[in-house]
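Only one structure is covered here, and it is reproduced in the block below.
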Amino acid sequence: MLNTDAASFTLKRCISTPLKRGATLCFKEGGSEMGQKRGAGQSFADVVGRNATAVREIHQRAENRQTKQDQIADAITRFTGSMLFVYLHLAIIGGWVVVNLGWLGIKPFDPYPFGLLTMAGSLEAIFLSTFVLISQNRMSAADARRAELDLHVNMLTEHELTQLIRLTHAIAEHLGIAPGSDAAVEEAMQDVKPEEVAKIMEEEAKTE
Numbered sequence: 034m035l036n037t038d039a040a041s042f043t044l045k046r047c048i049s050t051p052l053k054r055g056a057t058l059c060f061k062e063g064g065s066e067m068g069q070k071r072g073a074g075q076s077f078a079d080v081v082g083r084n085a086t087a088v089r090e091i092h093q094r095a096e097n098r099q100t101k102q103d104q105i106a107d108a109i110t111r112f113t114g115s116m117l118f119v120y121l122h123l124a125i126i127g128g129w130v131v132v133n134l135g136w137l138g139i140k141p142f143d144p145y146p147f148g149l150l151t152m153a154g155s156l157e158a159i160f161l162s163t164f165v166l167i168s169q170n171r172m173s174a175a176d177a178r179r180a181e182l183d184l185h186v187n188m189l190t191e192h193e194l195t196q197l198i199r200l201t202h203a204i205a206e207h208l209g210i211a212p213g214s215d216a217a218v219e220e221a222m223q224d225v226k227p228e229e230v231a232k233i234m235e236e237e238a239k240t241e
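Now the structure itself:
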């Protein structure tokens, strides 16, 4: 949809999402003509900085959606995956063994074979594995959202490339340049249908 006048214009592009039936992903571009010219003249560093800012904002919104329980689970997972956690365990287990072997002249409270230490280690392993699984589930959900976003962007890019091919073909015809009847060019001028690509991939997977 394109609205234009002497001073400004607004462009809205929409693509249907393949993962949610009936859903649509839309992008709006607009502003004054002077603003568009400034945007077109952006340097590579400006584009990289803008993209980095957008990525940080996406991550920040994801963190803001975390519940207190999720934050606690992530904090525990980060700590247990650090060298400080390893050193702490070496100190605790080493001291436990030294004391209960009687080397310091202290009465052992968990004599060899250290049954209490074994039980404590087993309980710790159960809880730590649970926290790790919680964090992995959240990471998997975030990966799925990123994959869907990548798919939407790739589909939009493919559509824009198809439009560019059509425009180039039209310019060639206008200039009297015979583009030929190459079947590959004709095929490139057609939008790729995601459902057809998925069907081909499924058929190839069945033959493997």
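Read in order, the letters of the sequence shown correspond to residues 34 to 241 in this note's numbering. Yeah, the Cβ is synthetic: ideal placement off N, Cα and C, and Gly gets one too. All of these numbers come straight from a predicted model, not from anything done at the bench.
C-beta atoms of residue i and residue j nearer than 9 Å
{"i": "N170", "j": "L150", "result": "no"}
{"i": "A95", "j": "A175", "result": "yes"}
{"i": "V119", "j": "F147", "result": "no"}
{"i": "M222", "j": "I198", "result": "yes"}
{"i": "D224", "j": "H192", "result": "yes"}
{"i": "R83", "j": "Q75", "result": "yes"}
{"i": "A211", "j": "A217", "result": "no"}
Burial state of residue i (16 or more Cβ within 10 Å)
{"i": "I233", "result": "exposed"}
{"i": "T243", "result": "Any property of residue 243 remains undetermined from this structure, which presents the chain solely from 34 to 241."}
{"i": "G55", "result": "Low confidence applies here, because G55 scores a pLDDT of 46, under 50, leaving its location unreliable; read the following figure in that light. When all chains shown are included, G55 counts as exposed."}
Pairs of beta-carbons, one from the segment 102-119 and one from the segment 161-169, closer than 8 Å: are there three or more? yes
Run through the segment 68-116 for me and flag every whole alpha helix (DSSP H) of 4 or more residues, listed as ranges in chain order. 77-97, 101-113
Can you check the segment 113-173 for any alpha helix (DSSP H) of at least 4 residues that lies completely inside it and give the ranges in chain order? 116-133
Which whole runs of the beta strand (DSSP E) in the segment 168-233 are 3 residues long or more, in chain order? none
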